[in-house]
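**Student:**
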């Protein structure tokens with residue numbers, strides 16, 4: 001996995017890995033390799049989602065603070 005991938009590319013790649021693992025016809029070493037790659041992608045995606053959620057929360061908080069300060073002249 002390269003750091004240049006974005007969230008959507010990572011999700012797509014993760015879906016392909018899950019599909020190949022679910023088929024169950026990979027050799028053990030390849031299965032372990034794909035599982036490890038899938039875990040890394042999953043962690044990357046979870047981090048990206050957490051960062052997006054934190055940004056949304058901060059924007060909402062800032063917006064609420066702006067609205068509150070505008071109400072009090």
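Numbering (the working numbering), first residue to last: 1 to 73. Cβ atoms here follow ideal geometry from the backbone N, Cα and C, with glycine treated the same way. Note that this is a predicted model, so its numbers are computed, not measured.
Cutting at 6 Å between CB atoms, please list the residues of its own chain near residue 44, excluding the five before and the five after it.
**Tutor:** On the chain shown, position 44 is the one that residue 44 refers to. 10, listed in sequence order.
**Student:** For residue 64, is the classification buried or exposed, using 16 other Cβ atoms within 10 angstroms of its Cβ as the cut-off for buried?
**Tutor:** In the chain shown, residue 64 corresponds to position 64, counting from 1. Counting Cβ neighbours within 10 Å, residue 64 comes out exposed, since fewer than 16 surround it.
**Student:** How is the alpha helix (DSSP H) around residue 14 delimited, first residue to last?
**Tutor:** As a position in the chain shown, residue 14 is number 14, starting the count at 1. Unbroken alpha helix (DSSP H) run through residue 14: 7-23.
**Student:** CA-CA distance, residue 24 and residue 32?
**Tutor:** Translated into positions along the chain shown, residue 24 becomes position 24. Translated into positions along the chain shown, residue 32 becomes position 32. So the alpha carbons of these two residues sit roughly 12 Å apart.
**Student:** What does the alpha-carbon distance come out to for the pair residue 53 and residue 61?
**Tutor:** Your numbering for residue 53 matches position 53 in the chain shown. Your numbering for residue 61 matches position 61 in the chain shown. If you take the alpha carbons of residue 53 and residue 61, they lie about 12 Å apart.
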